[in-house]
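Chains as they are written, first to last, in the numbering used here: chain S, 5 to 531; chain R, 33 to 325. We put the beta carbon where it would ideally sit given N, CA and C, even for glycine. Bear in mind the structure is a predicted one, so any value in this text is a computation, not a measurement. Heads up, the thing below is written out as structure tokens.
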Amino acid sequence: MARPQSVWGCSLASVIVMLGATVLSQSAAAQLAQSQSRNGGGGTSSSGQQAVDPGVRSGTSSAGGPLPGLSQAQLNFFNAAQTRFEEVDTVSSGLGPRFNLNSCSGCHAQPSTGGSSPPTNPEVAVATLMGAHNVVPPFVTANGPIREARFIRNPDGTPDGGVHDLFVISGRSDASGCNIQQPNFAAAIAANNIIYRIPTPLFGLGLVENTSDLALENAFAANAHQKRSLGISGNFNHSGNTGNITRFGWKAQNPSLLVFSGEAYNVEMGVTNDAFPNKRETNPGCQYNSLPEDTTNLTNTTSSGSPASDYSSDIVNFAAFMRMLAPPTPGSSGTPAVAQASSLTSTASSTTASTQSSSSTTAASTQVASADNTSVLSVAAGNSSSSAAATVSASSAASITRGQQVFANIGCQGCHVINQTTGYSELGPAQTNVTFQPLSDFALHDMGSGLADGVSQGSSTGRQFRSAPLWGVGQRVFFLHDGRTNDLNVAIREHESSGSEANSVVRNYYMLSVSDRQALLNYLRSL
Amino acid sequence: MRQALYLCAACVLGLFVGLAAWQRGAATFIRGAPSHALSNPEDGGIANGSYTNKYFGLSYRPPQGWIEGEAGADPSDSGYYVLTTLIPDSELDATILVAAQDMFFGSDTRASLSATTHDFQQAVSSIDGMTIDRATTEVKIGGHPFFRVDYSGVGLFRGAISTEIRCHVVSFNLTAREPALLERLAESLNDLSFAAPGLEPSPPPCVKDYAIDDNVLRKVVPVPAEPKFTSIPVRIIVGADGSVKHVHVIRATADQRHNIEEALYQWKLKPYQVGGRPSPIETGLVFKFTSDK
Numbered sequence: 005m006a007r008p009q010s011v012w013g014c015s016l017a018s019v020i021v022m023l024g025a026t027v028l029s030q031s032a033a034a035q036l037a038q039s040q041s042r043n044g045g046g047g048t049s050s051s052g053q054q055a056v057d058p059g060v061r062s063g064t065s066s067a068g069g070p071l072p073g074l075s076q077a078q079l080n081f082f083n084a085a086q087t088r089f090e091e092v093d094t095v096s097s098g099l100g101p102r103f104n105l106n107s108c109s110g111c112h113a114q115p116s117t118g119g120s121s122p123p124t125n126p127e128v129a130v131a132t133l134m135g136a137h138n139v140v141p142p143f144v145t146a147n148g149p150i151r152e153a154r155f156i157r158n159p160d161g162t163p164d165g166g167v168h169d170l171f172v173i174s175g176r177s178d179a180s181g182c183n184i185q186q187p188n189f190a191a192a193i194a195a196n197n198i199i200y201r202i203p204t205p206l207f208g209l210g211l212v213e214n215t216s217d218l219a220l221e222n223a224f225a226a227n228a229h230q231k232r233s234l235g236i237s238g239n240f241n242h243s244g245n246t247g248n249i250t251r252f253g254w255k256a257q258n259p260s261l262l263v264f265s266g267e268a269y270n271v272e273m274g275v276t277n278d279a280f281p282n283k284r285e286t287n288p289g290c291q292y293n294s295l296p297e298d299t300t301n302l303t304n305t306t307s308s309g310s311p312a313s314d315y316s317s318d319i320v321n322f323a324a325f326m327r328m329l330a331p332p333t334p335g336s337s338g339t340p341a342v343a344q345a346s347s348l349t350s351t352a353s354s355t356t357a358s359t360q361s362s363s364s365t366t367a368a369s370t371q372v373a374s375a376d377n378t379s380v381l382s383v384a385a386g387n388s389s390s391s392a393a394a395t396v397s398a399s400s401a402a403s404i405t406r407g408q409q410v411f412a413n414i415g416c417q418g419c420h421v422i423n424q425t426t427g428y429s430e431l432g433p434a435q436t437n438v439t440f441q442p443l444s445d446f447a448l449h450d451m452g453s454g455l456a457d458g459v460s461q462g463s464s465t466g467r468q469f470r471s472a473p474l475w476g477v478g479q480r481v482f483f484l485h486d487g488r489t490n491d492l493n494v495a496i497r498e499h500e501s502s503g504s505e506a507n508s509v510v511r512n513y514y515m516l517s518v519s520d521r522q523a524l525l526n527y528l529r530s531l
Numbered sequence: 033m034r035q036a037l038y039l040c041a042a043c044v045l046g047l048f049v050g051l052a053a054w055q056r057g058a059a060t061f062i063r064g065a066p067s068h069a070l071s072n073p074e075d076g077g078i079a080n081g082s083y084t085n086k087y088f089g090l091s092y093r094p095p096q097g098w099i100e101g102e103a104g105a106d107p108s109d110s111g112y113y114v115l116t117t118l119i120p121d122s123e124l125d126a127t128i129l130v131a132a133q134d135m136f137f138g139s140d141t142r143a144s145l146s147a148t149t150h151d152f153q154q155a156v157s158s159i160d161g162m163t164i165d166r167a168t169t170e171v172k173i174g175g176h177p178f179f180r181v182d183y184s185g186v187g188l189f190r191g192a193i194s195t196e197i198r199c200h201v202v203s204f205n206l207t208a209r210e211p212a213l214l215e216r217l218a219e220s221l222n223d224l225s226f227a228a229p230g231l232e233p234s235p236p237p238c239v240k241d242y243a244i245d246d247n248v249l250r251k252v253v254p255v256p257a258e259p260k261f262t263s264i265p266v267r268i269i270v271g272a273d274g275s276v277k278h279v280h281v282i283r284a285t286a287d288q289r290h291n292i293e294e295a296l297y298q299w300k301l302k303p304y305q306v307g308g309r310p311s312p313i314e315t316g317l318v319f320k321f322t323s324d325k
């Protein structure tokens, strides 16, 4: 369907550019102090020194462009698909009756389109957009993460786990006659029956999709010995229909980018589509369109320059955008993300604002072909060539290099597996036999009672989560599935709790010297 | 070869498990059933200052002032157990992780403890910045053969000291900030006891891949239960008469566990022979419920 252009989305992007610095300060300091006391000063040396999260890496966005090596037709498709991804929906184009936000790019925004939650939460503004009279739930704040809510149990005590959208279209000028109410979040909070999730970044997911089950299993098995010395096990989630390894989403519950797109379009925005053709809210007074609202276009009314895009449904475009989206570029090659260990009394973070680049249409290839025809995509991105990044000092580079060694030695790579390799791809050389660095095994691991959300999806338990890919973490604002922290120190600490596979690794972290802990944080912020 | 172990119960359930339903599926994996008369590997615990595990028949008293740390994860679908973690109750300058890997399961399990330990040494030596401080060495602790590997990197000194019990690799993984502290932890293992109070008398021999093919005289296929395509490792003890005396479903949902136990207790196997006489044995098998369109 034709969509109104993204006026709201563009203004949002402008706001995001301005507000990166305001997020990490008091809350991070408080959380970090809590971390120190719980671990017996684990983050602190005897001299009072502590490792600090350098904060969101400054400089231009290191992500958001297309894969290097795409053909012109593929690039045209990518660009047109990105435009679809950034469109803002209204009720006439399918929004609602229940929804969390009105565009894909509104949630997937940091550090650029396709990313994760931006520093300023657009959910606050959309609550009352076009006359809607939604109440913003208390777990959504202006400078907090974008969140979706799930209820753990149904009223009868059986497992729920489904998304309960934050907002309704009631009151909007384009939804006359609809009078449904928001879920009773206050009751859910009082009953401790609600959990939250933030948007997952989408960069590089085409490479992930094109990695075979066997390749994932081999990478998973390759470090089995180290894992067993650390209390780490894990297992893959599988499609209940085909048995294939599922790999997208916080619990690796989705098998493909197309399913991922279709489900999110329906669940997060309310737009019915060819994969999920029915409204979840069936109140007759709130139905406005024939279904599904997003489907194949039989005539080309867009003329974007990519007929493939023009005729395809939105979800096909969304999947194509993600499939051709390059992975983030590590900052060590251009932008420093380094802090010195500081005293315990100092502010926990020295975060600076991240700047959001406009989307690029030019693929700057840094792909290197090796003798065995296996490409090594070490620093691939489409929009990094114009980066005015500062030069990394020798000491900073050394710290990042040391941090990478720490990452491997203490066992982070047990789950956050550095390298994966794609198979043959219909997209051609851009995605064929590419070794990439997602820093994830895409398997499920028990994260213990501290991170448990009580929601099972597929074979994942209420305590299991997929190893979050750490590529691009240097420019992420919020961490963990519910965005509970913006401080890497706290995120590491939260990996430790009863039943967690990460307990030994976290203890190793706290036994490191302050300089090595700092090196690890610097390395992570370089990603 | 492992494929032969898998008893894939064909699951001709409804084909209408839509994609959305998959998103909403519920799975809660639980530890071994508590009603078993015989102990299981995960049943150990700290009592009177010592870690005691009746299944493995060992007891270990950690250094003075040490306490149990946060529990590890539940047993895995490859038969891996975090038995206990031990930490000092003051400054965190060392840790002990006691773990076990069932040698019947796991994609990379080897036939011998020696080979497993050499594999481990090879694996850690390939990590950037890691140094092997003591190559794989056989040592005796409490009269049992152990293999020890020491390695270090980024200021942490570690030792992996492993032995084989009931076809499990039981390992003590020591980590310390100082080499001397690592050595003191290693010395504390000299107090390991293999005659723990309440130890099961004469555990049966463990035999890999026994519950397959012609050895199974009567087989009842478990009723499939969600979620599908998960590996469900099971250890069983077979009596001298060939009946199943004990079932330990290592990792499964409650429904899967119930259905597998219900089926396996109806199995009948050829009695295993030791010295020409029927003998009870312990063996393992893997279930996987699959879709069959």
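State yes or no: is the beta carbon of R:D182 nearer than 7 Å to at least one beta carbon in chain S?
no
Shortest alpha-carbon distance to S:N138 belongs to which of S:C182, S:T162, S:G119, S:P163?
S:C182
So what's S:I150 in DSSP terms, helix, strand or just coil?
Note: S:I150 maps to coil in three-state DSSP.
From the DSSP output, in three-state form, read off R:T262 for me.
coil
What does R:D75 touch in chain S if you count any residue whose Cβ is under 9 Å from its own?
Within chain S, not a single residue places a beta-carbon under 9 Å from that of R:D75; the smallest gap is close to 16 Å.
Give the range of the beta strand (DSSP E) segment to which S:A343 is assigned.
From DSSP, S:A343 is part of no beta strand (DSSP E); its letter is neither H nor E.
Near-chain R residues of the region 309-336 of chain S - C-beta to any C-beta below 9 Å
Correct list: empty, as no residue qualifies.
At a CB-CB cut-off below 8 Å, which residues of chain S make contact with R:D134?
Here the premise fails: no neighbours, minimum Cβ distance about 11 Å.
Minimum Cβ-Cβ distance from S:S41 to chain R less than 7 Å:
Confidence at S:S41 is low in this model, with a pLDDT of 38, below 50, so the placement of that residue should be treated as unreliable; the coordinate-derived value is given next. It does not: the Cβ of S:S41 has no partner Cβ on chain R nearer than 7 Å.
Mind checking if S:V410 is an interface residue toward chain R, Cβ cutoff 7 Å exclusive?
yes
Exposed or buried, S:S364, counting other C-beta atoms within 10 Å across all chains shown (16 or more means buried)?
Because S:S364 sits at a pLDDT of 32, beneath the cut-off of 50, its placement in the model cannot be relied upon, and the following sentence gives the value as read from the coordinates. Flag for S:S364 reads buried.
Alpha-carbon spacing of S:S294 relative to S:Q461, whole angstroms
31 Å
Out of R:K320, R:D245, R:S275, R:N247, which has the shortest C-alpha to C-alpha gap to R:P259?
R:K320
Interface residues of chain S facing R:F319 [CB-CB closer than 9 Å]:
Those do not exist, as R:F319 stays about 14 Å from chain S at its closest Cβ, beyond 9 Å.
Apart from the five residues on each side of it in sequence, which residues of its chain come closer than 6 Å, Cβ to Cβ, to R:F339?
Only positions 33 to 325 of chain R appear in the structure, and residue 339 of chain R is not among them; the question remains open.
Would you please state the rounded distance, in angstroms, between the beta carbons of S:L170 and S:E127? I believe it to be under 8 Å.
6 Å
Taking C-alpha atoms, which residue in S:S174, S:V95, S:F155, S:F411 lies nearest to S:Q166?
Per the sequence presented here, residue 166 of chain S reads as Gly, with Gln not at that position. The option with the nearest alpha carbon to S:G166 is S:F155.
Is S:D450 closer than 7 Å to S:G407 when the C-beta atoms are compared?
no
Could you round the C-beta distance between S:I236 and S:C419 to whole angstroms and report it? I think they count as a contact, below 8 Å.
6 Å
Integer Cβ distance of S:P101 from S:Q114, believed to fall under 8 Å:
About 28 Å; that fails the 8 Å criterion.
Less than 8 Å between the CB atoms is what I'm expecting for S:S233 and R:A192, so what's the real figure, rounded?
6 Å
By Cβ distance, which residues of its chain are closer than 6 Å to R:S91, with the 5 residues on each side in sequence left out?
Annotation for R:S91: S82, T84, S225, A228 place their beta carbon closer than 6 Å to its own, counting only its chain and skipping 5 residues before and after.
Considering only residues of the same chain and omitting the five flanking positions on each side of S:D217, which have a CB-CB separation below 7 Å?
N248, I249
Take S:S316 as the anchor and find which of S:G63, S:V421, S:D57, S:A85 has the nearest alpha-carbon.
Nearest of S:G63, S:V421, S:D57, S:A85 to S:S316, Cα basis: S:A85.
Taking just the CA atoms, how far does R:T168 sit from S:I319?
Cα-Cα distance, rounded: 55 Å.
What residues from chain S crowd round R:D345, counting only those whose CB sits closer than 8 Å?
Since the displayed chain R opens at 33 and closes at 325, residue 345 of chain R lies outside it and no answer follows.
Determine, for R:E196, whether the minimum Cβ-Cβ distance to residues of chain S falls below 7 Å.
Judged by the 7 Å Cβ criterion, R:E196 is not in contact with chain S.
Verify whether the separation of the beta carbon atoms of S:L209 and S:L262 is less than 7 Å.
no
Quick one: what does DSSP say R:D223 is sitting in, helix, strand or coil?
helix
Keeping to the same chain, check which residues put their C-beta closer than 7 Å to that of R:T149; ignore five residues upstream and five downstream.
T168, F179, V181, S194
Quick one: is S:I173 buried, meaning 16 or more other Cβ sit within 10 Å of its Cβ, or exposed?
buried
At a Cβ threshold of 7 Å, is S:H137 touching chain R?
By the rule that beta-carbons nearer than 7 Å mark a contact, S:H137 does not touch chain R.
List the whole-angstrom C-beta distance separating S:A192 from S:I198, where the pair is believed to meet the contact cut-off of C-beta under 8 Å.
4 Å
For the alpha helix (DSSP H) containing S:F189, list its first residue and its last residue.
Boundaries of the alpha helix (DSSP H) harbouring S:F189: 189-194, taken from the DSSP string.
Residues that S:M515 contacts on chain R, provided the C-beta gap is smaller than 9 Å
L124, D125, A126, T127, G187, L188, T207, A208, R209
7 Å is my cut-off, CB to CB: does S:H499 come that close to chain R?
no
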